[in-house]
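**Student:**
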Amino acid sequence: MPVFVGGDQWVRVDEILAANFEKGDSLAVAPKTGQLLHIPAAEQIIATEAVTKALDAFGKMGAVSDEQIANFFENFADALADEAIWSQIQEINATDVTHAKERGRSTTRLEASGKLRDGMIEGLRGWIKASSRRGQILETVQHDGFRVELVGAALGVVAFVFEGRPNVLADACGVLRGGNTVVFRIGSDALNTAKAIMNLALNPALEKAGMPKGAASLVESAAHAAGWAMFSDDRLSLAVARGSGHAVDTLGSLARRAGVSTSLHGTGGAWIVASEKADIEKFSDSVFNSLDRKVCNTLNICCIQRSRAEELVSAFIGSMGKAGERRNNNFKLHVVEGDESYVPDTLFETIVPIGRAEGLVDEPQAQLISRDKLGDEWEWEDSPEVTLVIVDSVDEAVSLFNEYSPQLVGSLISEDESEHERFYATLNAPFIGNDITRWVDGQFALNKPELGLSNWENGRLFGRGSILSGDSVFTVRTRYVRE
Numbered sequence: 141m142p143v144f145v146g147g148d149q150w151v152r153v154d155e156i157l158a159a160n161f162e163k164g165d166s167l168a169v170a171p172k173t174g175q176l177l178h179i180p181a182a183e184q185i186i187a188t189e190a191v192t193k194a195l196d197a198f199g200k201m202g203a204v205s206d207e208q209i210a211n212f213f214e215n216f217a218d219a220l221a222d223e224a225i226w227s228q229i230q231e232i233n234a235t236d237v238t239h240a241k242e243r244g245r246s247t248t249r250l251e252a253s254g255k256l257r258d259g260m261i262e263g264l265r266g267w268i269k270a271s272s273r274r275g276q277i278l279e280t281v282q283h284d285g286f287r288v289e290l291v292g293a294a295l296g297v298v299a300f301v302f303e304g305r306p307n308v309l310a311d312a313c314g315v316l317r318g319g320n321t322v323v324f325r326i327g328s329d330a331l332n333t334a335k336a337i338m339n340l341a342l343n344p345a346l347e348k349a350g351m352p353k354g355a356a357s358l359v360e361s362a363a364h365a366a367g368w369a370m371f372s373d374d375r376l377s378l379a380v381a382r383g384s385g386h387a388v389d390t391l392g393s394l395a396r397r398a399g400v401s402t403s404l405h406g407t408g409g410a411w412i413v414a415s416e417k418a419d420i421e422k423f424s425d426s427v428f429n430s431l432d433r434k435v436c437n438t439l440n441i442c443c444i445q446r447s448r449a450e451e452l453v454s455a456f457i458g459s460m461g462k463a464g465e466r467r468n469n470n471f472k473l474h475v476v477e478g479d480e481s482y483v484p485d486t487l488f489e490t491i492v493p494i495g496r497a498e499g500l501v502d503e504p505q506a507q508l509i510s511r512d513k514l515g516d517e518w519e520w521e522d523s524p525e526v527t528l529v530i531v532d533s534v535d536e537a538v539s540l541f542n543e544y545s546p547q548l549v550g551s552l553i554s555e556d557e558s559e560h561e562r563f564y565a566t567l568n569a570p571f572i573g574n575d576i577t578r579w580v581d582g583q584f585a586l587n588k589p590e591l592g593l594s595n596w597e598n599g600r601l602f603g604r605g606s607i608l609s610g611d612s613v614f615t616v617r618t619r620y621v622r623e
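Per this note's numbering: the sequence shown = residues 141 to 623.
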């Protein structure tokens, strides 16, 4: 049957959805695609109950002291540092990793390694003495006999949907620093690991600090429908999504339709532009140090100005090779059609093992792609993977970035200050630099645990920067004080 949506669009219920639809289920629509989303009643109940717990807890947070919140972070960090607790988490995580590998899924961010554990503990300890805007007088307007104060206040319930990265569970608790509460939904790959962290470390830390139960609540479902239901709940104050581009786009549209503010990051991939005035050593270092591992701010597209292409392409390939050797693997190069003459023929002819999620796969070391694929993000495992495009000018590179990229990170390598000024003025990205791209990280750049990065693919953000951290989640109350 046809369903009228959005005031100007018809979509049809297909036979599979109709056959699976039961009493109590609901439908949602992804506005951009017109896709009908089936939300079973059971998933709706799970999501609603999790949001209700977080909302009830928020009603009690006004009576919770900053010292109690600090104690929570300390307790949580101490629990993760406890070898007995961590060994139990690792045991459950090992099963998650095994199942993910069996499904051919990437596990680079899933494994509960020592490095991941150290990062979680460091982030949590960073919030112990961190300042909060809750109760902070941000501005005072003086009048005759009275004053008006603008006072920072907790925002409310913050919802997170994120991919299989257990560390985000701890990072997202940063919103508690400002008196907010949080509800999580994590992907199926890491759900059991998340449950273990909740049961063994997070919930005991809340209880020990005298914090309200449900201040951090987990949606215990692996179904995408649970995330759709959660983001459609108009009781949320902020919806944060991290994951694949299509999934995040769908979640964001559902939240916005419910009137909920969003912070979205679904597509990554950084760009480096080398102008004809680039220093070759700085360029080589920037490429190499932007390819240590695959995350959203890893180098994905390299633009080189044609007038220096012969020299700089050679340096670029050399840095790619070093980056591959660092991971005991080969690199993978994609070259935009028409630019292949700048790359040695042997790279297109040579078949090498490339490290994929499913293991080593024999592939040509270099392959051609069309220019309209410049928006593709390479999700590599152990083989650094980058696209090369030759441009006539920095302005052309900026134009390509603004048209094709997810508008996240741009870096210009040039010794000309006027080029940098023009690059900053014309590149539509929240993160712009003149060196490595991997600096785009809350912990590294701001010394704060990062809850999420928001790109400009879906528009600029109101009143805050694109690094979301615990102390940037707040609202402002206005208070009249008679003198």
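We put the beta carbon where it would ideally sit given N, CA and C, even for glycine.
Tell me the DSSP secondary structure of L195 in three-state form.
**Tutor:** By one-based count along the sequence shown, residue 195 stands at place 55. Three-state DSSP puts L195 in a helix.
**Student:** Write down every uninterrupted run of the beta strand (DSSP E) in the segment 435–486 whose length is 3 residues or greater and which is fully enclosed by it, in chain order.
**Tutor:** 439–445, 472–476
**Student:** Reducing DSSP to helix, strand and coil, say where I491 ends up.
**Tutor:** Position 351 of the sequence shown, counted from the first residue, corresponds to residue 491. In the three-state DSSP reduction, I491 falls in the strand class (E or B).
**Student:** Under 8 Å, do V526 and N440 count as touching if we go by C-beta distance?
**Tutor:** Here the question's residue 526 lines up with position 386 in the sequence shown. Here the question's residue 440 lines up with position 300 in the sequence shown. Contact: yes.
**Student:** Tell me which residue opens and which closes the alpha helix (DSSP H) that Q228 is part of.
**Tutor:** Position 88 of the sequence shown, counted from the first residue, corresponds to residue 228. In the DSSP annotation of this structure, the continuous segment of the alpha helix (DSSP H) that includes Q228 starts and ends at 223–242.
**Student:** Check each candidate in S539, I553, K588, D581 and name the one with the smallest Cα separation from T566.
**Tutor:** Against the sequence shown, residue 566 aligns to sequence position 426. Comparing Cα-Cα distances from T566 to each of S539, I553, K588, D581, the minimum goes to S539.
**Student:** Name the two residues that bound the continuous alpha helix (DSSP H) containing S639.
**Tutor:** The structure shown does not extend to residue 639, since the chain spans only 141 to 623, so no value can be given for it.
**Student:** Would you list, in sequence order, the uninterrupted alpha helix (DSSP H) runs of no fewer than 4 residues that lie entirely inside the segment 268–326?
**Tutor:** 307–311
**Student:** Tell me, please, which residues DSSP counts as bridged to W670.
**Tutor:** The structure shown has nothing for residue 670, since the chain only spans 141 to 623.
**Student:** Thinking C-alpha only, which one of E214, F286, K422, G350 is nearest T577?
**Tutor:** For the purposes of this step, residue 577 is taken as residue 437 along the sequence shown, with counting starting at 1. Of E214, F286, K422, G350, the residue nearest in Cα terms is K422.
**Student:** Under three-state DSSP, which class holds T618?
**Tutor:** For the purposes of this step, residue 618 is identified with residue 478 of the sequence shown, where counting begins at 1. In the structure shown, T618 sits in a strand (DSSP, three-state: E or B).
**Student:** Are at least three pairs of beta-carbons, each pair with one atom in the segment 323–331 and one in the segment 297–307, less than 8 Å apart?
**Tutor:** Yes, they touch.
**Student:** Do the segment 350–357 and the segment 186–203 make contact, defined as three or more Cβ pairs closer than 8 Å?
**Tutor:** yes
**Student:** Quick check: what's the CA-CA separation for I209 versus G263?
**Tutor:** In the sequence shown, the residue the question calls residue 209 occupies position 69. In the sequence shown, the residue the question calls residue 263 occupies position 123. Rounded to whole angstroms, I209 to G263 spans 14 Å at the Cα level.
**Student:** Compute the beta-carbon to beta-carbon distance between F212 and A345, rounded to the nearest angstrom, for a pair I have assumed lies under 8 Å.
**Tutor:** Here residue 212 corresponds to residue number 72 of the sequence shown, with the count starting at 1. Here residue 345 corresponds to residue number 205 of the sequence shown, with the count starting at 1. Indeed, because the Cβ distance is near 5 Å, the residues count as touching under 8 Å.
**Student:** From the DSSP output, in three-state form, read off P520 for me.
**Tutor:** Position 380 of the sequence shown, counting from 1, holds the residue named residue 520. Residue identity check: residue 520 is Trp in the sequence provided, not Pro. Looking at W520 - three-state DSSP - the assignment turns out to be coil, as it is neither helix nor strand.
**Student:** Name the one or two DSSP bridge partners that V580 has.
**Tutor:** Here residue 580 corresponds to residue number 440 of the sequence shown, with the count starting at 1. Answer by DSSP bridge pairing: none, since V580 is not bridged.
**Student:** List the endpoints of the continuous beta strand (DSSP E) containing V97.
**Tutor:** Residue 97 cannot be examined here, being either before or after the span of the chain that is shown, 141 to 623.
**Student:** Determine whether the beta carbon atoms of Q101 and L473 lie at a separation below 8 Å.
**Tutor:** The chain is shown from 141 up to 623; residue 101 falls before or after that span and cannot be answered.
**Student:** Check the DSSP bridge columns for S539 and list the partner residues they point to.
**Tutor:** By 1-based counting over the sequence shown, the position of residue 539 is 399. None, per the DSSP bridge assignment.
**Student:** Comparing alpha-carbon positions, which option in L528, G464, G515, L500 lies nearest P484?
**Tutor:** The sequence position of residue 484 within the sequence shown is 344, counting from 1. Checking every option, the nearest Cα to that of P484 belongs to L528.
**Student:** Return the first residue and the last residue of the alpha helix (DSSP H) that G259 is part of.
**Tutor:** Residue mapping note: residue 259 aligns to position 119 of the sequence shown, counting from 1. Element bounds for G259: 254–266.
**Student:** If you check the beta carbons only, do L601 and N574 fall under 8 Å apart?
**Tutor:** By one-based count along the sequence shown, residue 601 stands at place 461. By one-based count along the sequence shown, residue 574 stands at place 434. Contact: no.
**Student:** Quick check on R249: does DSSP put it in helix, strand or coil?
**Tutor:** Reading the sequence shown from its first residue, position 109 is the one you call residue 249. In the structure shown, R249 sits in coil (DSSP, three-state: anything other than H, G, I, E or B).
**Student:** According to DSSP, H405 sits in a beta bridge with which residue or residues?
**Tutor:** The residue labelled residue 405 in the question sits at position 265 within the sequence shown. R382.
**Student:** Could you check which residue in W518, W520, E519, L514 has the C-alpha nearest to that of E541?
**Tutor:** The residue given as residue 541 occupies position 401 in the sequence shown. Per the sequence shown, residue 541 should be read as Phe rather than Glu. F541 has its Cα closest to that of L514, out of W518, W520, E519, L514.
**Student:** Verify whether the separation of the beta carbon atoms of L220 and A341 is less than 8 Å.
**Tutor:** The residue given as residue 220 occupies position 80 in the sequence shown. The residue given as residue 341 occupies position 201 in the sequence shown. Cβ atoms of L220 and A341: closer than 8 Å.
**Student:** Just to confirm the assignment, what range does the alpha helix (DSSP H) spanning A159 have?
**Tutor:** Here residue 159 corresponds to residue number 19 of the sequence shown, with the count starting at 1. Counting along the chain, the alpha helix (DSSP H) containing A159 begins and ends at 155–160.
**Student:** What residue from A294, E251, R433, I261 has the CA that sits closest to Q276's CA?
**Tutor:** For this step, residue 276 is matched to residue 136 along the sequence shown. Minimum Cα distance to Q276 is reached at A294.
**Student:** Using a Cβ-Cβ cut-off of 6 Å (strictly less than) and excluding sequence neighbours within five positions of N437, which residues of its own chain qualify?
**Tutor:** Position 297 of the sequence shown, counted from the start, is the residue given in the question as residue 437. Excluding residues within five positions, the ones whose Cβ falls inside 6 Å are A410, V549, T577, R578, V580.
**Student:** Please check the pair D611 and S401, which I expect to be a contact at CB under 8 Å, by giving their CB distance rounded to whole angstroms.
**Tutor:** Looking up residue 611 in the sequence shown gives position 471. Looking up residue 401 in the sequence shown gives position 261. With 8 Å as the limit, D611 and S401 do not qualify as a contact, their Cβ atoms being about 17 Å apart.
**Student:** Mark E661 as exposed unless 16 or more other C-beta atoms lie within 10 angstroms of its C-beta, in which case mark it buried.
**Tutor:** Residue 661 lies beyond the stretch modelled for the chain, which goes from 141 to 623, so this question has no answer here.
**Student:** Let me check understanding here. Comparing Cα to Cα, which of V153, N429, R317, I268 lies closest to R466?
**Tutor:** As a position in the sequence shown, residue 466 is number 326, starting the count at 1. When each option's Cα is compared against that of R466, the closest is N429.
**Student:** Would you give the residue range spanned by the beta strand (DSSP E) that E609 belongs to?
**Tutor:** Residue 609 sits at position 469 when you count from the first residue of the sequence shown. The residue asked about is misnamed: residue 609 is Ser in this sequence, not Glu. Boundaries of the beta strand (DSSP E) harbouring S609: 607–609, taken from the DSSP string.
**Student:** Where F161 and I186 are concerned, what is the direct C-alpha to C-alpha distance, given to the nearest angstrom?
**Tutor:** Along the sequence shown, one-based indexing puts residue 161 at 21. Along the sequence shown, one-based indexing puts residue 186 at 46. Going by the C-alpha atoms only, they are around 18 Å apart.
**Student:** Of all the alpha helix (DSSP H) runs that stay within the bounds of the segment 346–371, which reach a length of 4 or more residues?
**Tutor:** 364–371
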